[in-house]
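These notes concern the structure reproduced below.
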Amino acid sequence: MLEDENVSRMLDILGNKNRRRIIMLLRERPCFVTEISDLLMISPKAVIDHLQLMEREQILSVRYDLNRRKYYYLSNNFQIVISPEAISNAEYEGLPADSALLKEAKSQAPHNEAAGADGYGAASDSSSDS
């Protein structure tokens, strides 16, 4: 499992829509900067900034063709699964009131002693439907 700092960094990276679009494009095939810029209609400077960040974090790798054109591709296929166990209590502090759903999900995680065999606590009627 990733450390909290690594999880936060990965979420920051994936929190940017253009970086997600670049990743989706690179899932299909390796691309070079101008190609990504043209296909996604993002400035070359912004593409370079996003690519450099993702390369530093080892999400992307590079290779050069015979013309020394730099192609970017995904380093590995990866899947991100976010579970309540991966979210530390410290990350809850300062969240808005609707984050109560996150807290509830964490309290009902399978590691919780009060959880039933299905990983969820017994149903209760204590919630209000206001």
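If you number the sequence shown the way the numbering used here does, the last residue is 1592 and the count never jumps. Glycine included, C-beta positions come from ideal geometry on N, C-alpha and C. The structure presented is a predicted model; accordingly, all values stated were derived computationally and were not measured.
For L1528, there is no enclosing alpha helix (DSSP H), as DSSP marks it with neither H nor E. The alpha-carbon of L1528 is positioned some 33 Å away from that of M1472.
Relative to the Cα of N1480, the nearest Cα in the group R1525, L1502, R1518 and R1491 belongs to L1502.
The Cβ atoms of P1506 and V1524 do not sit closer than 8 Å to each other.
One Cα belongs to H1512, the other to V1469, and the distance between them is close to 18 Å.
Boundaries of the alpha helix (DSSP H) harbouring E1517: P1506 to R1518, taken from the DSSP string.
Following the DSSP letters along the chain, one finds R1482 inside the alpha helix (DSSP H) bounded by residues K1479 to E1490. About 7 Å separates the CB atoms of L1522 and L1488; that is less than 8 Å, so the two are in contact.
Around the CB of M1516, 16 or more other CB atoms lie within 10 Å, so the residue is classed as buried. Under a 10 Å Cβ-count criterion, Y1535 is classified as exposed, with fewer than 16 other Cβ atoms of the shown protein chains found around its own Cβ. If you ignore the 5 residues before and after I1510, its C-beta comes within less than 7 Å of the C-beta of V1495, all in its own chain and listed in chain order. Closest in alpha carbon position to N1478, among Y1533, I1504 and P1492, is I1504. According to the DSSP secondary-structure assignment, L1502 is paired through a beta bridge with no residue.
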